[in-house]
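Encoded as structure tokens, the structure appears first; notes follow it.
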Amino acid sequence: MKTSDERKLWLGVLLRIADPVLVNLANDKLTMNMPYVRELDTDGKREKFARLEAFGRVFNGIAPWLNLAINKESEEYLLQLKYKDLALKSLDNITNPSTKDYVDFGCGPQCLVDAAYLCQGILRYQTICEELNEEVKENVVTELRKTRKYIVAENNWLLFASMVEVTLLKLKSKCDHKRLTRGVIKFMKKFYVGDAIYGDGKVFSLNYYNSFVIHPMLTDILVVTNEKKLTIKKYLDIQATRQRRYLEILERLISPEGTFPVLGRTITCRLGAFHSMAHSVLRGDISENISYGQIRAAMTAVLNKQFSDEQRNFTKDKWLKVGFIGEQLSIAEEYINIGSTYHTCSFFLPLGLSPTHQFWTDKSQKWTNLRIWNGEESIKDKALIEENLTELIKLKNKLKYKLKSMFI
1 MKTSDERKLW
11 LGVLLRIADP
21 VLVNLANDKL
31 TMNMPYVREL
41 DTDGKREKFA
51 RLEAFGRVFN
61 GIAPWLNLAI
71 NKESEEYLLQ
81 LKYKDLALKS
91 LDNITNPSTK
101 DYVDFGCGPQ
111 CLVDAAYLCQ
121 GILRYQTICE
131 ELNEEVKENV
141 VTELRKTRKY
151 IVAENNWLLF
161 ASMVEVTLLK
171 LKSKCDHKRL
181 TRGVIKFMKK
191 FYVGDAIYGD
201 GKVFSLNYYN
211 SFVIHPMLTD
221 ILVVTNEKKL
231 TIKKYLDIQA
241 TRQRRYLEIL
251 ERLISPEGTF
261 PVLGRTITCR
271 LGAFHSMAHS
281 VLRGDISENI
291 SYGQIRAAMT
301 AVLNKQFSDE
311 QRNFTKDKWL
321 KVGFIGEQLS
331 IAEEYINIGS
341 TYHTCSFFLP
351 LGLSPTHQFW
361 TDKSQKWTNL
371 RIWNGEESIK
381 DKALIEENLT
391 ELIKLKNKLK
401 YKLKSMFI
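Per the UniProt record's numbering, the very first residue in the sequence shown carries number 1; after that it's consecutive.
Shown next as structure tokens:
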């Protein structure tokens with residue numbers, strides 16, 4: 001397959017996934033038309049979050065592409081114009097109290113999770129402040145502030161709170177500095193297990209939360225704090241090194257056939273398991289041991305494996321089914337519903353890179369497992385060893401303080 005055809009494949013799948021959410025929400029009809037799986041929530045307690053859950057995740061994944069400068073003579077540009085209009089109208093409707101699809105971000109703790117994914121999309125849509133009118137921006141800020149009333153657990157929810165606050169900072173609104181920094185410090189100093197893996201709190205579980213949430217959110221938060229010169233910016237280089245190593249791990253999880261291990265909770269997010277890989281590609285910060293050509297080839301193999309049969313993963317009305325391949329309610333947790341599955345959109349972040357970027361133009365190459373299982377030479381795997389990292393950070397800060405004191 002030509003690399004240009006691969007990009008068309010990726011974009012086609014993304015828009016097929018995102019279309020019903022954005023079209024309905026932009027027309028204020030998401031509440032009316034979005035299905036809900038009653039078997040997973042018999043009391044209907046989580047249904048009020050469903051719209052924000054779906055839109056936040058779609059926007060998270062599609063935002064870099066909406067922000068991309070595209071050749072105005074291309075077919076892709078016309079598609080971008082269409083979906084940019086739908087996405088911005090959707091953002092207006094979901095934060096506007098006068099619409100049917102409005103979601104009150106203060107209606108329950110789940111809104112913090114969904115707001116954080118929306119916020120990450122806002123950060124990735126770098127020109128969004130120029131494209132939104134003041135009324136919509138004010139509505140967004142008002143709703144985000146409501147999430148401050150939720151006390152967060154000692155796990156990935158800490159990063160959801162940090163993401164909301166750093167987005168408020170980016171939107172030139174006042175942020176809660178303690179709420180912004182607490183999650184970052186906890187993960188960097190308390191929850192790191194080693195070899196680029198964070199525990200989701202103090203207890204380690206083998207799942208994809210390092211990719212779903214932890215690495216992408218930690219990095220995005222630290223990038224903004226670095227721009228704003230906050231003290232926690234000192235962790236950015238360390239986190240970037242860890243995420244590069246985690247990219248190597250994710251790449252090695254892809255089998256020669258394009259499958260990957262189905263393990264841990266929230267696996268119904270499907271391709272969202274590769275959020276961190278896609279994020280590394282978008283940032284242009286990949287390991288020197290991996291080429292863009294092999295990452296694209298591996299990701300395309302996974303995409304084809306999971307979405308080549310449209311009938312299996314979509315309802316007749318084009319909504320995603322709850323499952324990994326097709327509908328599999330038996331593997332869904334109690335907090336999962338159709339909206340959750342749209343986290344799969346985070347896989348498509350590389351579409352935010354120009355068609356002329358080497359991720360899209362480099363020749364396809366065999367990924368690690370494909371080479372090794374074919375009996376070919378490859379690069380041996382090496383763990384990321386960080387000896388006395390905390391002590392080095394403390395020493396660096398002490399030296400800075402002493403040097404500063406000498407000139408006071």
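Beta carbons: idealized from backbone N, C-alpha and C, even for Gly.
Are the Cβ atoms of Gly-293 and Asp-220 separated by less than 8 Å?
no
If I measure Cβ to Cβ from Leu-282 and keep anything under 7 Å in the same chain, skipping five residues before and after, which residues do I get?
Pro-64, Leu-349, Pro-350, Gly-352 and Leu-353
Span of the alpha helix (DSSP H), counted from its first residue to its last, around Val-322
Unbroken run through Val-322: none, as it is neither H nor E.
Quick check: the Cα distance between Ile-339 and Arg-179, rounded to an integer number of angstroms?
Residue identity check: residue 339 is Gly in the sequence provided, not Ile. Computed Cα separation, rounded: 27 Å.
Quick one: using the 10 Å Cβ neighbour count with 16 as the cut-off for buried, is Gln-126 buried or exposed?
exposed
Pull up the CB-CB distance for Ser-162 and Gly-183, whole angstroms please, since I reckon it's below 8 Å.
4 Å
Would you mind working out which of Tyr-246, Met-299, Val-21 and Tyr-36 sits nearest Glu-288, comparing C-alpha positions?
Tyr-246
Under the three-state reduction of DSSP, which class applies to Phe-314: helix, strand or coil?
strand
Please work out which residues of its chain come closer than 8 Å, Cβ to Cβ, to Lys-202, disregarding the five sequence neighbours upstream and downstream, and give them in chain order.
Glu-154, Lys-190 and Phe-191
Quick check on DSSP: helix, strand or coil for Gly-194?
strand
Report the three-state DSSP secondary structure of Pro-256 (helix, strand or coil).
coil
Rounded straight-line distance, which links the Cα of Lys-174 to that of Leu-159
18 Å
Opening and closing residue of the alpha helix (DSSP H) in which Gln-306 lies:
292-307
Going by beta carbon distance, what residues of the same chain come within less than 6 Å of Val-136, once the five residues before and after it are set aside?
Asp-92
Touch check for the stretch 1-17 and the stretch 27-35: three-plus C-beta pairs under 8 Å?
no
Using only the alpha-carbon positions, how far apart do Lys-8 and Ile-379 sit?
31 Å
Assuming contact is defined by CB atoms lying nearer than 8 Å, are Gly-272 and Asn-304 in contact in what I supplied?
no
Give the DSSP-derived three-state secondary structure of Leu-171 in the structure shown.
coil
Give every residue of the same chain whose Cβ lies closer than 8 Å to the Cβ of Phe-49, excluding the five residues on either side of it in the sequence, and list them in chain order.
Val-103, Cys-107, Gly-108, Gln-110, Cys-111, Asp-114 and Gly-339
Do the stretch 307-314 and the stretch 230-247 meet, that is, are 3 or more Cβ pairs less than 8 Å apart?
no
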